[in-house]
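Numbering (full-length UniProt numbering), first residue to last: 1 to 293.
Structure below.
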């Protein structure tokens, strides 16, 4: 089975079927008012996600996480990826990455839940700040084959699944995790399509926080090694969608839809946590505003 590097990190403890059952099932809202700018500046580092505010844009963060044999541009503090190799989860092909105007698009960063779909299933009611976090959340992003990503467009699981059938269980589980974290709903057709995929892998868990990049190989002549230790691949328990409350921090927080069933805590940035234990809940999401159980 071919899996994206991000999925080899700490797995969630809840099955995707359980989380899917807790998502609301509703019809699509209109696309009225949608634009990419509704989700903040593309690949901005100014987000409150796991890799936010680290001095590197989100696109390079995800390339550095998902590619192997990475070579960074000298003087960028291990940020700008020059070359590497992707084991593409969508096609199972090995794809070389070479930075350049005519080559970079061979590998694109996919929003696993397309932003257009997110807009029509609840994101239009979120604040721009929370939508920016959604669009830059490592859980929501995968480096994939460019043409395959373009073919996907804004399709949900009812209209598009990865050609690589071995990756479909992990793919829909990730979609479920993203929708649960941000309080988004699924359409009836989407719900049934996801449930159909998961029927062949009922033990599939939702991924946990997926932001820690693996240690990359850096060419001594092309980049300089970081002066700080490489980030650990041990990932904190998954911060998940949450709601704001009167017990939150003094600074007002965005209001999300009511807490989904199964949420154990509400985080200070408006998302929810489904972590089984209090320790680590809402890490990288501003801490816990309130525990539900």
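All C-beta atoms in this analysis are idealised placements derived from N, C-alpha and C, irrespective of residue type, glycine included.
To the nearest angstrom, how far is the alpha carbon of residue 42 from that of residue 36?
Straight-line measurement puts the Cα of residue 36 at about 8 Å from the Cα of residue 42.
Which residue from 45, 61, 89, 53 puts its Cα closest to that of residue 82?
Per the Cα distances, 61.
Excluding five sequence neighbours on each side, which residues of the same chain lie with their C-beta closer than 6 Å to the C-beta of residue 15?
Here residue 15 has 205 as same chain residues with Cβ atoms under 6 Å from its own Cβ, once five neighbours each way along the sequence are excluded.
Whole-angstrom distance between residue 21 and residue 289, CA atom to CA atom
Rounded to the nearest angstrom, the gap between the Cα atoms of residue 289 and residue 21 is 25 Å.
Whose C-alpha, out of 104, 177, 27, is nearest the C-alpha of residue 122?
Out of 104, 177, 27, 27 has the C-alpha closest to the C-alpha of residue 122.
Around the Cβ of residue 265, are there at least 16 other Cβ atoms within 10 angstroms (buried) or fewer (exposed)?
Counting the other Cβ atoms within 10 Å of the Cβ of residue 265 gives 16 or more, which makes it buried.
Ignore the nearest five residues each way along the sequence and tell me which others in residue 143's own chain have a CB closer than 7 Å to its CB.
Short of 7 Å from the beta carbon of residue 143, and not among the five residues preceding or following it, lie these beta carbons of its own chain, in chain order: 62, 63, 66, 67, 86, 107, 109.
In angstroms with no decimal places, state the Cα-to-Cα distance between residue 140 and residue 113.
Going from the Cα of residue 140 to the Cα of residue 113 covers about 7 Å.
With a threshold of 6 Å on Cβ separation, who are the neighbours of residue 84 within its own chain once the five nearest residues in sequence on each side are excluded?
Cβ neighbours of residue 84 beyond the five flanking positions: 67, 69, 70, 97.
Let me confirm a value: residue 273 is counted as buried when at least 16 other C-beta atoms fall within 10 Å, else exposed. Which label applies?
Buried, by the Cβ-count rule.
Cβ contact check for the segment 42-56 and the segment 115-135: 3 or more pairs under 8 Å
Judged by Cβ distances under 8 Å, the segment 42-56 makes contact with the segment 115-135, as three or more pairs qualify.
Under a three-way DSSP split, which group does residue 171 fall into?
Helix, per DSSP.
In this structure, what does DSSP give as the bridge partners for residue 111?
Note: residue 111 is bridge-paired with 141 in the DSSP secondary-structure output.
In the DSSP assignment, what are the bridge partners of residue 83?
Answer by DSSP bridge pairing, in chain order: 71, 98.
I need the DSSP call for residue 26, collapsed to helix, strand or coil.
DSSP places residue 26 in the coil class of the three-state scheme, outside both helix and strand.
For residue 32, count the other beta carbons within 10 Å of its own beta carbon; 16 or more makes it buried, fewer makes it exposed. Which is it?
It is exposed - the Cβ of residue 32 has fewer than 16 other Cβ atoms within 10 Å.
What residue does the beta strand (DSSP E) around residue 205 start on, and which one ends it?
Residues 205-207.
Beta bridge counterpart(s) of residue 273 as assigned by DSSP:
Paired residue(s): 265.
Do residue 186 and residue 25 have their CB atoms nearer than 7 Å?
For residue 186 and residue 25, yes; Cβs fall inside 7 Å.
The alpha helix (DSSP H) with residue 147 in it runs from where to where?
Unbroken alpha helix (DSSP H) run through residue 147: 146-152.
Any 3 or more C-beta pairs closer than 8 Å across the segment 72-79 and the segment 158-168
With a cut-off of 8 Å on Cβ pairs, the segment 72-79 is not in contact with the segment 158-168, counting fewer than three such pairs.
What is the DSSP secondary structure of residue 290, reduced to helix, strand or coil?
DSSP, read as helix, strand or coil, puts residue 290 in strand.
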